[in-house]
Amino acid sequence: MIALHDTGHWFQPSRWLFRDLSLTPTPGEITAILGPNGTGKTTLLRILCGTLAPRAGSRAGAEAIGYVPQALNADQGYSALEMVLLGRSRFLGRFQSPGRKDLARARECLAEVGLSAIAEARYDRLSGGQRQLVLLARALASDARILVLDEPASALDLANQGIVLRLLHRLSRDNHLAILFTTHHPEHALGIADKALLMFRDGTHIQGPVEAVADEANLARMYGVPVRRIAIDTEGQAGFAIVPLHQLKQAIAS
2 MIALHDTGHW FQPSRWLFRD LSLTPTPGEI TAILGPNGTG KTTLLRILCG
52 TLAPRAGSRA GAEAIGYVPQ ALNADQGYSA LEMVLLGRSR FLGRFQSPGR
102 KDLARARECL AEVGLSAIAE ARYDRLSGGQ RQLVLLARAL ASDARILVLD
152 EPASALDLAN QGIVLRLLHR LSRDNHLAIL FTTHHPEHAL GIADKALLMF
202 RDGTHIQGPV EAVADEANLA RMYGVPVRRI AIDTEGQAGF AIVPLHQLKQ
252 AIAS
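Counting with our numbering, you get residues 2 to 255 for the letters of the sequence shown.
Following this line, the structure appears as structure tokens:
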């Protein structure tokens, strides 16, 4: 299993993005990473995936990671199936082409995310939600046991956000995958995550069980805005709403 031990990173020596941060993805668990812009969330993902060396601390483990970026724009006319087949590249030799087994696995992964019907459709003509699901299928096709997602619901409408979040929850529970995702939506973390990592502007962080960590005080400190965390239970479905107290009407009136 991949593990980060007391890691830290900076791009300017006078300002640490984070330091003394340890993190170990756990099979069957979801970890949400939250923080304002510029606190190093994407940098942390790069270190976790092994594409960036930390300035301090260490990364251990050589296990494959399935990385899901924010929905990509594509100029090439790849089909959805061809995009998913790219996830099989780690099993192929330098000049080797995908075989029947790879094609079958790519189709399985498209079915896993509910997109079998658009396998031959061009990726660059899909909706934002469909593109995000294709990228998730591509990560699944790598057969990695750890999935890392960078703001998977950031550009999606409410319905597609729910589709992606429910799918991540199912993959964690049914496939016993370790899943980590960054988000600017605390309610998404509270909705599906087991643990949360909060990254603050001063380079510090806290992590632990999501309902304990993502409380009103910590969220207000992190974002610099008073918030209210409201528990909702309607028609047998429970969740949380996060309400920022921007006081916009008072500011406009004055």
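Each residue gets a CB set at the ideal place from its N, CA and C atoms; glycine is no exception.
Bridge partner(s) assigned by DSSP for residue 231
242
Round the Cβ separation of residue 233 and residue 225 to the nearest angstrom and send it over; I've been treating them as touching at under 8 angstroms.
With 8 angstroms as the limit, residue 233 and residue 225 do not qualify as a contact, their Cβ atoms being about 25 angstroms apart.
Cβ separation of residue 68 and residue 135, assumed to be a contact under 8 angstroms, to the nearest whole Å
So it is not a contact: roughly 14 angstroms between Cβ atoms.
Using DSSP with H/G/I as helix, E/B as strand and the rest coil, what is residue 101?
helix
CA-CA distance, residue 120 and residue 107?
9 angstroms
For residue 152, tell me which candidate among 167, 70, 172 and 109 has the shortest Cα-Cα distance.
70
Ends of the beta strand (DSSP E) at residue 208?
206-210
By the 10 Å Cβ neighbour count, where 16 or more other Cβ atoms means buried, how is residue 1 classified, buried or exposed?
Outside the displayed range of the chain (2 to 255) lies residue 1, so it cannot be described from this structure.
Excluding five sequence neighbours on each side, which residues of the same chain lie with their C-beta closer than 6 angstroms to the C-beta of residue 186?
none
Does residue 117 come out as helix, strand or coil in the three-state DSSP assignment?
helix
To which residues does DSSP link residue 182 through a beta bridge?
33 and 150
Spatial neighbours of residue 223 within its chain, please: C-beta separation below 6 angstroms, excluding the five flanking residues on both sides.
199 and 201
Residue from 9, 212, 133 and 5 whose Cα sits closest to the Cα of residue 158
133
Please confirm whether residue 26 and residue 147 have their CB atoms less than 7 angstroms apart.
yes
Can you look up residue 6 in the DSSP assignment and give me helix, strand or coil?
strand
According to the Cβ coordinates, are residue 227 and residue 221 closer than 7 angstroms?
yes
Helix or strand or just coil, what does DSSP make of residue 201?
coil
Measure the beta-carbon distance from residue 44 to residue 22 and round it to whole angstroms, keeping in mind my assumption that it falls under 8 angstroms.
The pair is not a contact, with the Cβ atoms about 11 angstroms apart (cut-off 8 angstroms).
Identity of the residue in 179, 93, 8 and 12 nearest residue 31 by Cα
179
Below 8 angstroms on the Cβ atoms is my contact criterion, and I expect residue 7 with residue 41 to pass it. Report the Cβ-Cβ distance as a whole number of Å.
Contact flag wrong, Cβ pair sits at about 15 angstroms.
On the three-state DSSP scale, how would you describe residue 65?
coil
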